[in-house]
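Remarks on the structure that follows.
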Amino acid sequence: METQESNYFSELEIRSAKHSQFISLTDKIEEEIQHRGWYDGLLHIFIPHTTAGITIQEDADPNVIKDILYVLDRIVPWHDPSYHHTEGNTAAHIKTALLGNSVHCNVRGGRLRLGRWQGIFLCEFDGPRTRKVQLTFLPFNK
1020 METQESNYFS ELEIRSAKHS QFISLTDKIE EEIQHRGWYD GLLHIFIPHT
1070 TAGITIQEDA DPNVIKDILY VLDRIVPWHD PSYHHTEGNT AAHIKTALLG
1120 NSVHCNVRGG RLRLGRWQGI FLCEFDGPRT RKVQLTFLPF NK
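Going by this note's numbering, 1101 is the number at position 82 of the sequence shown; the sequence numbering is gapless.
Okay, here's the thing in structure tokens:
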């Protein structure tokens, strides 16, 4: 049985298919908002991983995401003899540190209030892997 507190928390499981990729979560998050009956409030989206991040970015032209991944690879190369981390995924940690592991978005009328071209993305930098994305809804008081 769910408690009232758990009515405001949900966790999505997302499987990445590539080493580095952005996966649009917008539709899955919208479905979860509808399923949970979240109406007016603030949604906190958090990824509890150190080699994957979350960002809000353009979701209309896929070339924007390609360009972001290209630039990240240029400024943070996968292999660098100066890296000290022994697991070999230092670049993934750095990219995640640059993009961050959480975002917030307003919810009004049971819908995300994103800008016209915006979407919410899981940023995979060390895949393929199964990732968890946590959603916490903070309802507005009436």
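Note that the Cβ used here is the ideal one computed from N, Cα and C, for glycine as well.
Do you know how far the Cα of histidine 1103 is from the Cα of threonine 1022? The residue you call residue 1022 lines up with position 3 of the sequence shown. The residue you call residue 1103 lines up with position 84 of the sequence shown. Unreliable positioning characterises threonine 1022 in this predicted model, as indicated by a pLDDT of 44, which lies under 50. The coordinate reading is nonetheless provided below. Per the coordinates, the alpha-carbon of threonine 1022 lies some 45 Å from the alpha-carbon of histidine 1103.
Using three-state DSSP, classify phenylalanine 1159 as helix, strand or coil. As a working note, residue 1159 is residue 140 in the sequence shown. Looking at phenylalanine 1159 - three-state DSSP - the assignment turns out to be coil, as it is neither helix nor strand.
Classify histidine 1098 as buried or exposed, calling it buried when 16 or more other Cβ atoms lie within 10 Å of its own Cβ. In the sequence shown, the residue the question calls residue 1098 occupies position 79. Exposed, since its Cβ has fewer than 16 Cβ neighbours within 10 Å.
Determine the DSSP secondary structure at asparagine 1125, reduced to helix, strand or coil. Here residue 1125 corresponds to residue number 106 of the sequence shown, with the count starting at 1. Strand, per DSSP.
Buried or exposed for histidine 1068, please, with buried defined as at least 16 other CB atoms from any protein chain shown within 10 angstroms of its CB. Position 49 of the sequence shown holds residue 1068. Counting C-beta atoms within 10 angstroms of its own C-beta, histidine 1068 has 16 or more neighbours from the protein chains shown and is therefore classed as buried.
Could you tell me how far apart the beta carbons of glutamate 1143 and glutamine 1040 are, in whole angstroms, since I believe they sit closer than 8 Å? Counting from one through the sequence shown, the residue named residue 1143 turns up at place 124. Counting from one through the sequence shown, the residue named residue 1040 turns up at place 21. So it is a contact: roughly 5 Å between Cβ atoms.
Can you tell me where the beta strand (DSSP E) with histidine 1063 in it begins and where it stops? Against the sequence shown, residue 1063 aligns to sequence position 44. 1060 to 1065 is the span of the beta strand (DSSP E), which, as asked, contains histidine 1063.
When the Cα atoms are used, what is the spatial distance from alanine 1110 to leucine 1088? As a working mapping, residue 1110 is identified with position 91 in the sequence shown. As a working mapping, residue 1088 is identified with position 69 in the sequence shown. Between alanine 1110 and leucine 1088, the C-alpha separation is close to 12 Å.
Taking threonine 1045 as part of the beta strand (DSSP E), name the residues at either end of that continuous run. Here residue 1045 is taken as the residue at index 26 of the sequence shown, counted from 1. Note, threonine 1045: premise wrong, no beta strand (DSSP E); alpha helix (DSSP H) at 1045 to 1055.
At the level of alpha carbons, what is the spacing between histidine 1038 and glycine 1072? As a working note, residue 1038 is residue 19 in the sequence shown. As a working note, residue 1072 is residue 53 in the sequence shown. Each residue's alpha carbon lies about 13 Å from the other.
Whose C-beta lies closer than 6 Å to the C-beta of glutamate 1077 among residues of the same chain, with five residues either side of it excluded? To locate residue 1077, count along the sequence shown from 1; it is residue 58. Cβ within range, chain order: Val1083 and Trp1136.
Per the DSSP calculation, serine 1029 is bridged to which residue(s)? What you label residue 1029 is simply residue 10 of the sequence shown in a count that begins at 1. Leu1154.
CB of leucine 1154 within 8 Å of CB of phenylalanine 1028, strictly: Taking the sequence shown and counting its residues from 1, one reaches residue 1154 at position 135. Taking the sequence shown and counting its residues from 1, one reaches residue 1028 at position 9. In contact: leucine 1154 and phenylalanine 1028 (Cβ atoms closer than 8 Å).
Please report how far the alpha carbon of glycine 1128 lies from the alpha carbon of proline 1100, in whole angstroms. Here residue 1128 refers to the residue found at position 109 when the sequence shown is read from its first residue. Here residue 1100 refers to the residue found at position 81 when the sequence shown is read from its first residue. About 51 Å.
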